[in-house]
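These protein sequence lines map, in sequence, to chains A and B. Be aware that the first sequence starts at 1, since it is given in full-length UniProt numbering, and climbs by one per residue. Be aware that the second sequence starts at 1, since it is given in full-length UniProt numbering, and climbs by one per residue. Positions of the beta carbon are idealized from the N, C-alpha and C atoms, including for glycine. A quick note: this is a predicted structure, and the numbers were derived from the prediction, not measured. I have placed the structure first, in the form of structure tokens, so that the comments after it can refer back to it.
2 protein chains.
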Amino acid sequence: MESSTVTGGGSSRREATRQKLYEAAVTLIAEQGFSATTVDEIAERAGVAKGTVYYNFASKSVLFEELLRHGVGLLTASLREAAEQTAKEGGGTVDALDAMVRAGLVFIERYPAFTQLYVAELWRTNRAWQSTLMVVRQEAVAVVEGVLREGVERGELSDEIDVPLTAAALVGMVLVAALDWQSFQPERSLDDVHSALSRLLQGRVSGAR
Amino acid sequence: MESSTVTGGGSSRREATRQKLYEAAVTLIAEQGFSATTVDEIAERAGVAKGTVYYNFASKSVLFEELLRHGVGLLTASLREAAEQTAKEGGGTVDALDAMVRAGLVFIERYPAFTQLYVAELWRTNRAWQSTLMVVRQEAVAVVEGVLREGVERGELSDEIDVPLTAAALVGMVLVAALDWQSFQPERSLDDVHSALSRLLQGRVSGAR
DNA sequence: GTTTTTGCACTGACCAGTCAGTTCAAAAAG
DNA sequence: CTTTTTGAACTGACTGGTCAGTGCAAAAAC
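Have a look at this one:
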């Protein structure tokens, strides 16, 4: 998802191979789903021998789980940074939410395949990586919940809002709007999408103005 | 999804079998995904021999496509009815949107597996049923778009809103909030979820009130 | 000389789709 | 009323193919 030496341990050659495998896997699985994607395909697209896949990952499922962790890590970091940046600049809670919406959109524009795959797997039950997904989802939603809660404490948001539900709804709004944008109206700009969501977020929908 | 003689043509026996197959397929595919679900499993859960599946549907994919059409048909009808009912009672556009949000939640509460499966497949590319999904998605979103457009014309909504994007965002908000509700906070009532979404929709989030 | 990658043959499980045969309720024949 | 026929609906063993994962010797990279 990004060429960087994330873990201190691995040699950079190995890390580069894993990176190529992540990139190959993410698009294939997003398009076809996990089960329909074969290890041979992943290896081929990564330009690597099949044996290399198994040298680097214990199994197909493990490759997938590590891919999930990797991707959501990037998203969470990005959301957190947006919120902190806004706070540093003295913006209010609504500004922070708005910044996070934008950060979400930027992420999805950059990694559409990952987002697609995440949404497709998130609500499945009885799958091997269920627990990984739960953890990883909670990390991301928690960032939004944190901002909402702080907004309520500071009196900038109504104290009647239901923090977990509102956080889920906001995340969903961004996810679905962005995926729809990518799939069905790719000609629209990120700013278009952002301002439509901003308007909804700030309750500037009703009222003729 | 409903025991009724929908088509005048088929015998009721056959219709009952197809019904059982839909019900078996929808939960299995929601849990495991299309590719990971075997025809043998579907047949077994429906209490029917494998051959019967192929007697009733040309292929596994066709079974799935007809299932999609069936399900979205129910959803669309339900949304449309909510909107019309509100209009008949003299409610405004925001009331109609609110009623549709509720109708969406009721649908998802009743058919969680279908919703799950729909979301999981909607943004995939290069799949056999891609075109079916596009059509079926458009039907559902169009109902929301119609209400939004009418609201703008009547001056009840800002004429600056982006109708397709806003419709997609609203649908996404409801879908994701509801799926999260079902998966992660099933103890909450439908009314809780509805009022959280209502508040968001009506811009009653910011402002301490 | 150690780590990583390659290439390729192999295995065993699994699975979509087929097809020859069975069931049975209702229609036709007696 | 009883027997026979019909055909739609259903069955489940079988086939041809696919795929995750293994094993390993040799090459490449470091």
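Outcome for residue i when other beta-carbon atoms lying within 10 angstroms are tallied against a minimum of 16
i, result
"Gly155 of chain A", "exposed"
"Met134 of chain B", "exposed"
"Glu89 of chain A", "exposed"
"Val121 of chain B", "The sequence given here has Glu at residue 121 of chain B, not Val. By the neighbour-count rule (16 or more Cβ atoms within 10 Å), Glu121 of chain B is buried."
"Arg13 of chain B", "exposed"
"Ala140 of chain B", "buried"
"Asp162 of chain B", "buried"
"Thr125 of chain B", "exposed"
"Asp180 of chain B", "buried"
"Asp98 of chain B", "buried"
"Gly172 of chain B", "buried"
"Gln116 of chain A", "buried"
"Ala169 of chain A", "buried"
"Gly47 of chain B", "exposed"
"Ala43 of chain A", "buried"
"Ala58 of chain B", "exposed"
"Ala128 of chain A", "exposed"
"Ala49 of chain A", "exposed"
"Ala96 of chain B", "buried"
Test: residue i CB closer than 8 Å to a CB of chain A
i, result
"Gln130 of chain B", "no"
"Ala120 of chain B", "yes"
"Thr166 of chain B", "yes"
"Thr7 of chain B", "Residue placement at Thr7 of chain B is poorly supported in this model, since its pLDDT is 32, which falls under 50; the coordinates still yield a value, given next. For Thr7 of chain B, the answer is no, since every Cβ of chain A falls outside 8 Å of its Cβ."
Residue-chain proximity (residue i, chain B), Cβ-Cβ < 8 Å
i, result
"Asp162 of chain A", "yes"
"Leu67 of chain A", "no"
"Gly203 of chain A", "yes"
"Leu197 of chain A", "yes"
"Ala169 of chain A", "yes"
"Leu200 of chain A", "yes"
"Arg124 of chain A", "yes"
"Ala140 of chain A", "no"
"Arg209 of chain A", "Note that Arg209 of chain A scores a pLDDT of 42, beneath 50, so its modelled location is shaky and nothing firm can be said."
Distance cut-off 7 Å: residue i Cβ against heavy atoms of the ligand FAD
i, result
"Asn126 of chain A", "Annotation note on the ligand FAD: not contained in the displayed structure, which lists no ligands."
Near-chain A residues of the stretch 172–194 of chain B - C-beta to any C-beta below 9 Å: Gly172, Met173, Val174, Leu175, Val176, Ala177, Ala178, Leu179, Asp180, Trp181, Gln182, Ser183, Phe184, Gln185, Arg188, Asp192 and Val193
At least three beta-carbon pairs within less than 8 Å, the stretch 51–69 of chain A to the stretch 17–35 of chain A: yes
Residues of the UniProt domain "HTH tetR-type" (15–75) of chain A whose Cβ lies closer than 8 Å to any Cβ of chain B, in chain order: Ala30, Glu31, Gln32, Gly33, Phe34, Ser35 and Ala36
The stretch 110–126 of chain A touching the stretch 50–59 of chain A, judged by at least three CB pairs closer than 8 Å: no
Inter-stretch contact (C-beta, 8 Å, three-pair minimum) for the stretch 175–193 of chain B and the stretch 179–196 of chain A: no
Completely contained alpha helix (DSSP H) runs for the stretch 124–195 of chain B, where each covers 4 or more residues: 130–153 and 163–184
contact_flag[the stretch 72–80 of chain A, the stretch 31–48 of chain A] where n(CB pairs < 8 Å) is 3 or more: no
Interface positions of the stretch 144–155 of chain B facing chain A (Cβ-Cβ less than 7 Å), listed along the chain: Gly155
Where the stretch 86–112 of chain B meets chain A: residues whose CB sits under 7 Å from a CB there: Val94
Contained alpha helix (DSSP H) runs [length at least 4] in the stretch 15–94 of chain A, N- to C-terminal order: 39–46, 50–56 and 60–88
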